[in-house]
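In terms of our numbering, the sequence shown is residues 235 to 371. Written out below as structure tokens is the structure these notes cover.
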Amino acid sequence: MKELLVIAVSSAFVSNVVLSQFLGICSFVGVSKKVETAAGMGGAVIFVITIASIAASLLYKLIKTIVFILVIAALVQIVEMFLKKCMVSLYNALGVFLPLITTNCAVLGVALTNVQNDYTIIESVVNGVATAFGYTV
Numbered sequence: 235m236k237e238l239l240v241i242a243v244s245s246a247f248v249s250n251v252v253l254s255q256f257l258g259i260c261s262f263v264g265v266s267k268k269v270e271t272a273a274g275m276g277g278a279v280i281f282v283i284t285i286a287s288i289a290a291s292l293l294y295k296l297i298k299t300i301v302f303i304l305v306i307a308a309l310v311q312i313v314e315m316f317l318k319k320c321m322v323s324l325y326n327a328l329g330v331f332l333p334l335i336t337t338n339c340a341v342l343g344v345a346l347t348n349v350q351n352d353y354t355i356i357e358s359v360v361n362g363v364a365t366a367f368g369y370t371v
């Protein structure tokens, strides 16, 4: 349990994906003008990074990095379709920056970090959620 707390604090604050690793800056800067839009992007990033962390952790030993990108792109498309259908104003506010999650190096960076650190599925989820929380903050 202590290890999971260390991973969470480190991912969210110490090794913040935007502020110390400089990953995901394009979408971060693009939607950070309004708190509502930034929070919406943060929620989308939390969802995508968390699911990508789980999928990447499960699939890495069998499949190469290119699959990570395909999984991330598919998850972003699902989020985009959901927002377009159910949250039109947020979809319009995010504009081009929502599809940029697909090419967001932060998402791929977290998936690869999970694998390189040989995290378990639980550790990967904690790292993914904490990193996305750090992005959102």
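A virtual CB, placed ideally from N, CA and C, is assigned to each residue, including glycine.
Using C-beta distances below 6 Å, list every residue in its chain close to residue i, excluding the 5 sequence neighbours before and after it, in chain order.
i	result
THR370	GLY276
VAL363	THR284
GLY177	Given that the chain is displayed from residue 235 to residue 371, the structure contains no residue 177 and the question cannot be resolved.
VAL360	LEU238, ILE241 and ALA242
SER374	Coverage of the chain is limited to positions 235 through 371, which leaves residue 374 absent and any answer about it impossible.
Alpha carbon to alpha carbon, what distance is there between residue j and residue i?
i	j	result
GLN350	VAL344	10 Å
SER244	GLY368	9 Å
LYS268	GLY329	13 Å
ILE241	ILE288	15 Å
THR354	THR365	16 Å
LYS319	PHE281	17 Å
LEU238	PHE247	14 Å
ASN348	GLU314	25 Å
VAL305	LYS236	30 Å
MET321	VAL310	15 Å
VAL252	PHE302	20 Å
ASN250	SER358	16 Å
Between the Cα of residue i and the Cα atoms of the options, which residue gives the shortest distance?
i	options	result
ALA307	ASN326, VAL279, ALA273 and TYR294	VAL279
GLY258	VAL341, VAL243, SER249 and ALA289	VAL341
VAL263	ILE303, LEU332, LEU292 and ILE297	LEU332
ILE300	VAL322, MET321 and LEU346	LEU346
So, is the C-beta of residue i closer than 8 Å to a C-beta in chain D?
i	result
LEU238	The chain labelled as chain D is not found in the depicted structure, where only one protein chain is given.
Just checking my contact of residue i with residue j at CB under 8 Å: how many whole Å lie between their CB atoms?
i	j	result
LEU317	SER261	Contact flag wrong, Cβ pair sits at about 14 Å.
Ignore the nearest five residues each way along the sequence and tell me which others in residue i's own chain have a CB closer than 8 Å to its CB.
i	result
THR271	VAL265, LEU324, ALA327 and LEU328
SER254	VAL248
CYS339	LEU257 and GLY258
ILE356	LEU238
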